[in-house]
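Novice: I have a structure I would like to understand better, so I am pasting it below and will then ask my questions one at a time.
Number of protein chains: 2
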Amino acid sequence: MSIITIVGAGMMGSAMSIPARDNGHTVRIVGTHLDREIITHARARSEHLTMKRTLPDGVAYYQIEDLETALAGADAVICGVSSFGVDWFLDAVIPHIPGGVPVLSVTKGLFDHADGTLSAFPDYYTEKTGGRLSFSAIGGPCTSYELAERRHSAVVFCGHDPAVLRKLKAMFATDYYHVSLSADVLGVECAVAMKNAYALGVTLAVGAAEKEKGVGCPPVYNPQAALFGQSVREMAAILRYVGAGADNIVYGAGDLYVTVFGGRTRKLGTLLGRGMPFAEAMEELSGVTLESVVIAGRLVGAVSKAIKAGKLSKKEFPLLMHVGSLLRGEAAGGIPFERFTTAQFS
Amino acid sequence: MSIITIVGAGMMGSAMSIPARDNGHTVRIVGTHLDREIITHARARSEHLTMKRTLPDGVAYYQIEDLETALAGADAVICGVSSFGVDWFLDAVIPHIPGGVPVLSVTKGLFDHADGTLSAFPDYYTEKTGGRLSFSAIGGPCTSYELAERRHSAVVFCGHDPAVLRKLKAMFATDYYHVSLSADVLGVECAVAMKNAYALGVTLAVGAAEKEKGVGCPPVYNPQAALFGQSVREMAAILRYVGAGADNIVYGAGDLYVTVFGGRTRKLGTLLGRGMPFAEAMEELSGVTLESVVIAGRLVGAVSKAIKAGKLSKKEFPLLMHVGSLLRGEAAGGIPFERFTTAQFS
């Protein structure tokens, strides 16, 4: 059995303790400076404060001051921070991780560079640390709530070292946590990032129906399906653009499916779909900066730059461009369904 | 303005009267011998008996005996029969359609041949009529109920004659009925057919959750998303196998999305997911032979034959094979999530 140290006590990082403990590993969860209450609560009650799910017996909890103790002898480290915590993790945590210990990140998102290219967090970490550690990441459709309930969940661990990926799979895979492996890091991370933008796109239809029929009206699916199909088309085009394998659309579509059904991304898409301006919608969501919005904005930014540079055609991305307009607070009009139509005679 | 004759007063055929009338065309709906009550009811009340939606003013209704009258001067014919009515349409209707009048079919489904190849209805009609008429068909995610409510719906008209397709689009496209065009008939029809099998696959997770937590339990999405992602993977492989364009996955995924949310395919998948044997589930569904089940069975048959002939690998289709086992009434065990995992290092 191994020692697994999870740094960052957010919902997904903490939920990883469940398959890890079910496999009999020693598990330590270290809160960041933002997680103090979560750690105190978990210690007292074996429950995650915000996820409101039981955490497994036998997990040891640490405040950030005890990071070194928590990392001692670790066989693997889970990076459990959100994309807002990436640089903190790089500065405050990575220097304390002994060489050779694999790091598996639950962080979602991509960096967009000035020229419209995108890079993934594992590659960013590798670049910043000069290859001292091996970084892998988790993609695929998996909400922390349902992982904590031991629901069947299909994920993908991506990284550049197959031996490390196999080792990590052996640590975490259970009869409910199903782990694929992929060396296509950018493809997987791109799929993860894209779903944030397109989940806003699909849920616009929920709000548009409410605008017409009143909040709480029965759901309508033809418009959602039109948006879902268009999302798949645009996501496939983005995967081609970044040079990722076409199979990553599996993660993109699966992750989009799960994201459409709940959480704050759906709520925001619904409000925008009702015609509420972005600033007002964010206020309604208590002003919390949604990670999904930041990631969606980066994707819009990267694709817009690539369009400007002539590497992509604007006509291929009517939905993403519409979502981008809404996120910039522009009065973008209705969903541009007609621009989704194609004529393929070749 | 044109004269459009819809033959077959099922829900989808009848719903086509709505965009047609909104565009100002003369519309005639002819019931088959199975539609007598629908026609009588529609005449009296301008409402569709089974769809329970208002039909537009000005539609003329005909019983099958008046077929010739209804076809006189028609500029286009909608074939509104289900796949069970294809040979009837061929024998009883097509001989009465004047040469040069385009036929647009709402019929879903494919034929599977003894060697595992598949063909689409428009091509079947063309073959049987020696090219006397031009046949096109409608695919894409569109339920008749929501079309009747004028919800935004994205469809695709497929056929081999671009001029005919453009003419049909001009007749039916409205500001809510969004029509793409495609010459890839087999690809579109394959997408339409596949969603029937895979909607059963995705909704197995609904039943599996109910088995564990009780009927009516809150939905769980990680398992559905795993099945949705795997469906996209297998559908893409089937499209490659039949030589269809990869873009058809847009219709496959969109149509799967809309089918998962309602109707009897979802109900059947849910019952099978609870562990109910196929025969018992069909009894619960009042013994009505579901078109979707027949189509799913054909797809399973075609893929199985192709596997036997060494043209496809069984390992690529764990979900379709599982659905096939359930449809044959075999005790297939749980959903084979672990067989969906992949390792891609190339």
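If you read the sequences in order, they're chains A and B. So that you can map any letter, position 244 of the first sequence is 232 in the numbering used here, and since no number is skipped, the others follow by simple counting. So that you can map any letter, position 180 of the second sequence is 168 in the numbering used here, and since no number is skipped, the others follow by simple counting. No residue lacks a Cβ here, since even glycine has one placed at the ideal position from N, Cα and C.
1. Identify which residue in I323/B, H140/B, T105/B has its Cα closest to the Cα of A161/B.
2. If you measure beta-carbon to beta-carbon, which residues of the region 237 to 253 of chain B are closer than 8 Å to chain A?
3. If contacts are defined as beta-carbon pairs under 8 Å, then L192/A and L260/A qualify, I think. What distance do you get, rounded to the angstrom?
4. Taking Cβ positions, are A80/A and Y49/A nearer each other than 7 Å?
5. Would you check if there are 3 or more beta carbon pairs closer than 8 Å linking the region 110 to 126 of chain A to the region 82 to 99 of chain A?
6. From which residue to which residue does the alpha helix (DSSP H) around I237/A run?
7. What residue does the beta strand (DSSP E) around D45/A start on, and which one ends it?
8. Specify, as a first and last residue, the run of the beta strand (DSSP E) that Y165/A falls within.
9. Taking H310/A as the reference, which of G(-4)/A, L300/A, F325/A has the closest Cα?
10. Would you say H310/A lies against chain B (beta-carbon separation less than 7 Å)?
11. For the alpha helix (DSSP H) that contains A213/B, what are its first and last residues?
12. Can you tell me whether E35/A is helix, strand or coil according to DSSP?
13. Classify P36/A: buried if its beta carbon has 16 or more other beta carbons within 10 angstroms, exposed otherwise.
14. Kindly list, in the order they appear in chain A, the residues whose Cβ is closer than 8 Å to that of A171/B.
15. Give the list of continuous alpha helix (DSSP H) stretches no shorter than 4 residues that lie fully inside the region 8 to 33 of chain A.
16. Round the Cβ separation of I(-8)/B and I66/B to the nearest angstrom and send it over; I've been treating them as touching at under 8 Å.
17. Between the region 127 to 138 of chain B and chain A, which residues of the former have a C-beta closer than 8 Å to a C-beta of the latter?
18. For C205/B, count the other beta carbons within 10 Å of its own beta carbon; 16 or more makes it buried, fewer makes it exposed. Which is it?
19. Under the three-state reduction of DSSP, which class applies to F333/B: helix, strand or coil?
20. Output yes if chain B places a C-beta closer than 7 Å to the C-beta of E268/A; else output no.
21. Report yes or no: is there a C-beta of chain A within less than 7 Å of the C-beta of G217/B?
22. Would you tell me roughly how many angstroms separate the C-alpha atoms of R154/A and A214/B, rounded to the nearest one?
23. Starting from the C-beta of M0/A, find all residues in its chain whose C-beta is less than 6 Å away, skip the five residues before and the five after it, and write them out in chain order.
24. With C-beta atoms as the reference, is A136/B less than 7 Å away from I283/B?
25. What is the DSSP secondary structure of G339/B, counted as helix, strand or coil?
26. Provide the residue span of the alpha helix (DSSP H) that contains S274/A, from first to last.
27. Beta strand (DSSP E) containing D100/B: first to last residue?
28. Taking F77/B as part of the beta strand (DSSP E), name the residues at either end of that continuous run.
29. Please report the Cβ distance between G217/A and Y239/B, rounded to the nearest whole angstrom; I am assuming they are in contact, meaning their Cβ atoms lie under 8 Å.
30. Would you decide whether G189/A is buried or exposed? Buried here means 16 or more other CB atoms lie within 10 Å of its CB.
31. Roughly how many angstroms lie between the CA atoms of A108/A and R138/A, to the nearest whole one?
32. Just checking, does the region 265 to 279 of chain B make contact with the region 166 to 177 of chain B on the three C-beta pairs under 8 Å criterion?
33. What residue range is occupied by the uninterrupted alpha helix (DSSP H) comprising L307/A?
34. Please name the residue, chosen from P207/B, A8/B, C178/B, that lies closest to G349/B on a Cα-to-Cα basis.
Specialist: In short:
1. H140/B
2. I237, V238, Y239, A241, G242, D243, Y245, V246, F249, G250
3. 6 Å
4. no
5. yes
6. 237 to 248
7. It is not in any beta strand (DSSP E) - D45/A carries neither H nor E in the DSSP assignment.
8. 165 to 170
9. F325/A
10. no
11. 210 to 230
12. strand
13. Per the sequence shown, residue 36/A should be read as His rather than Pro. It is buried - the Cβ of H36/A has at least 16 other Cβ atoms within 10 Å.
14. Q332, F333, S334
15. 24 to 33
16. 7 Å
17. G128, P129, C130, T131, E134, L135, E137
18. exposed
19. coil
20. no
21. yes
22. 20 Å
23. V94, S132
24. no
25. Because chain B here runs from -11 to 334, residue 339/B falls outside it and cannot be looked at.
26. Premise fails: S274/A is in no alpha helix (DSSP H) and is neither H nor E.
27. 98 to 100
28. Segment: none, F77/B is in no beta strand (DSSP E) and carries neither H nor E.
29. 6 Å
30. buried
31. 28 Å
32. no
33. 306 to 315
34. Only positions -11 to 334 of chain B appear in this structure, which leaves residue 349/B out of reach.
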